[in-house]
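Sequence order for the protein chains is V and Z. The numbers in the first sequence follow UniProt numbering, run straight up by one, and end at 211. The numbers in the second sequence follow UniProt numbering, run straight up by one, and end at 211. For every residue, glycine included, the Cβ atom is placed at its ideal position computed from N, Cα and C. Let me begin by presenting the structure, written as structure tokens, before commenting on it.
Number of protein chains: 2
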Amino acid sequence: MGLRETKMERTRRFIAESAFDLFVEQGYDATTIEQIAAAAEVGTRTLYRYYATKEALVVSFVENGLDAAMAAFLAQPDETPLSEALYAVVDSVEQTIGANSARLLALYDIFDKTTGLRAGLADLCWSWRQRLAEEILRRQGGTGDVLHAALTAASTMNVVEVVVQTWTANAGGVEVADIIRETLELLRTKAIPFPTPAGWRRRVSSARRAP
Amino acid sequence: MGLRETKMERTRRFIAESAFDLFVEQGYDATTIEQIAAAAEVGTRTLYRYYATKEALVVSFVENGLDAAMAAFLAQPDETPLSEALYAVVDSVEQTIGANSARLLALYDIFDKTTGLRAGLADLCWSWRQRLAEEILRRQGGTGDVLHAALTAASTMNVVEVVVQTWTANAGGVEVADIIRETLELLRTKAIPFPTPAGWRRRVSSARRAP
DNA sequence: GGTCATATGACAGTGACTGCCACATTTGCT
DNA sequence: AGCAAATGTGGCAGTCACTGTCATATGACC
Chain V
1 MGLRETKMER TRRFIAESAF DLFVEQGYDA TTIEQIAAAA EVGTRTLYRY YATKEALVVS
61 FVENGLDAAM AAFLAQPDET PLSEALYAVV DSVEQTIGAN SARLLALYDI FDKTTGLRAG
121 LADLCWSWRQ RLAEEILRRQ GGTGDVLHAA LTAASTMNVV EVVVQTWTAN AGGVEVADII
181 RETLELLRTK AIPFPTPAGW RRRVSSARRA P
Chain Z
1 MGLRETKMER TRRFIAESAF DLFVEQGYDA TTIEQIAAAA EVGTRTLYRY YATKEALVVS
61 FVENGLDAAM AAFLAQPDET PLSEALYAVV DSVEQTIGAN SARLLALYDI FDKTTGLRAG
121 LADLCWSWRQ RLAEEILRRQ GGTGDVLHAA LTAASTMNVV EVVVQTWTAN AGGVEVADII
181 RETLELLRTK AIPFPTPAGW RRRVSSARRA P
């Protein structure tokens, strides 16, 4: 790697770091781009070449975590059952949280103190879910059902979101591993009720008793 | 209802209407707030009292649909099985789409032509999911599992999102009712694989074979 | 060491959004 | 009807995120 790229990587990190510190210290809204640029010792125009928006400065941290999770999923060989490959995602999230718990708590504190920041996070989850759906479909060799892939991706993402949310709601006082175990246990033992039109209930339940 | 409120309601509607027309005509980004205010015959300052942000002008349409869906859910008596009450949500969405299909297609066209608008939509879905989870929990008399309620809400929302997305992806060429039927059929017949650690596979599958 | 590519930063400008204040309209009371 | 309080309206000035442009500086390659 050339000197140039090394330097840029360092500035990139330094900018996010400075921004994060300022956000923690005086809040997201109260912090201007100019202040961040000054703290990071770059011009505002340069800052914008590294991070397209102010939001991106915060979201990038979560983005890194999700990228790691996606990588963990893609690293699974195609022979592994899908459910295990999906577990790699959850596992990666656990590791990420475990490795940066203090930082992440501060991060999520910024998130819910600032209405409007959540939108960026929600959007990130959304596009990530899209990508996961595509990967699941590709993994099944294109023979799979698009709808089914979308639902699978969405439901995995739900697990991640619920886990993270539960963890932050408890201010990190509960082990992530425990939350994950509990959530997956719940999914295994207690069916999630899905929408069912009134008329079909009898037919369905009798069909289920009939093999 | 007083004269004042009637008038305000009308302006509110007129503003959104004018904004929508302009967005369709010349694109979201290319339309300024001043133009919208001019078209709606109000001052910009007044416009902001009705819609807090430019984004809200677009999102409000979806918000109305989701509000109707929530109302449909809340209208279900507590005795109805949860799965049927959740169906009321899906059903409401179907009705909304059926009643405004042309308008909604134009709306979603704006959404995916404009990067950054999606965030508002994603956030709306997110907060709506939260509300649904709370209502599910309350419906079960507080005895229910928070995690389970969250997962149920999320998975219902997934159905809605997948249905709407499939419908817009087909540019309205497929009946919403068919998409819904197919999606629910899929959920009924084909289990969604959830994350499972590698070691547990045998134990689980053998447990399942042992009634 | 010279040259080319590319990163930087300053400047001016646009547009979303806000606080403030004077003005107009509705409402409620007599 | 008429007055007063409450509340909606709109203009103006100002802040701040963000962008296009261009001169300058700096690492990369020969």
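How about residue i and residue j: do their beta carbons lie closer than 8 Å?
i, j, result
"Z/P193", "V/T152", "yes"
"V/Y48", "V/T11", "no"
"Z/L104", "Z/I97", "yes"
"Z/A122", "V/A122", "yes"
"V/V42", "V/V90", "no"
"Z/L74", "Z/E135", "yes"
"V/V176", "V/E63", "no"
"Z/T46", "Z/I33", "no"
"V/L107", "V/L66", "no"
"residue 293 of chain V", "V/T168", "Because chain V is modelled from 1 through 211, residue 293 of chain V falls outside the range shown and cannot be assessed."
"Z/G173", "Z/S101", "no"
"Z/G120", "Z/E55", "yes"
"Z/A72", "Z/A88", "yes"
"V/A19", "V/I36", "yes"
Using a Cβ cut-off of 8 Å (strictly closer), state whether residue i contacts chain Z.
i, result
"V/T189", "no"
"V/V174", "no"
"V/A198", "yes"
"V/T143", "no"
"V/A19", "no"
Which chain Z residues are close to residue i, counting only those with a beta carbon under 8 Å from its beta carbon?
i, result
"V/E94", "Chain Z residues near V/E94: none, gap ~11 Å exceeds 8 Å."
Anything in chain Z within Cβ reach of residue i, meaning under 7 Å, just list it in chain order.
i, result
"V/A150", "V162"
"V/P195", "S83, L86, Y87, V89, V90, T156, V159, L184"
Consider the Cβ of residue i: report whether some Cβ of chain V lies at a distance smaller than 8 Å.
i, result
"Z/L147", "yes"
"Z/A16", "no"
"Z/V204", "Bear in mind that the predicted position of Z/V204 carries a pLDDT of just 49, short of 50, making it unreliable; the figure below should be weighed with that in mind. Chain V, which has a Cβ nearer than 8 Å to the Cβ of Z/V204, makes this yes."
Quick one: which chain V residues come within Cβ less than 8 Å of residue i?
i, result
"Z/I192", "H148, L151, T152, S155"
Report the CB separation of residue i from residue j in whole angstroms; it is logged as a contact under 8 Å.
i, j, result
"V/D78", "V/R139", "6 Å"
"Z/T166", "V/L147", "7 Å"
"V/T143", "V/D29", "Rounded, the Cβ-Cβ distance is 49 Å, inconsistent with contact."
"V/I15", "V/V58", "The Cβ separation is near 12 Å, so there is no contact."
"Z/T183", "Z/V163", "6 Å"
"V/T196", "Z/E17", "Actually they do not touch by this definition, with Cβ atoms about 37 Å apart."
"Z/N158", "V/A154", "4 Å"
Which bits of chain Z does residue i rub up against, with CB to CB less than 9 Å?
i, result
"V/T166", "V146, L147, A150"
> Listed in chain order, which residues of the region 104-126 of chain Z have Cβ atoms closer than 9 Å to some Cβ of chain V?
Replying inline: G116, R118, A119, G120, L121, A122, D123, L124, C125, W126
> Got a sec: which bits of the region 37-48 of chain V sit with their beta carbon under 9 Å from any beta carbon on chain Z, in order along the chain?
Replying inline: none
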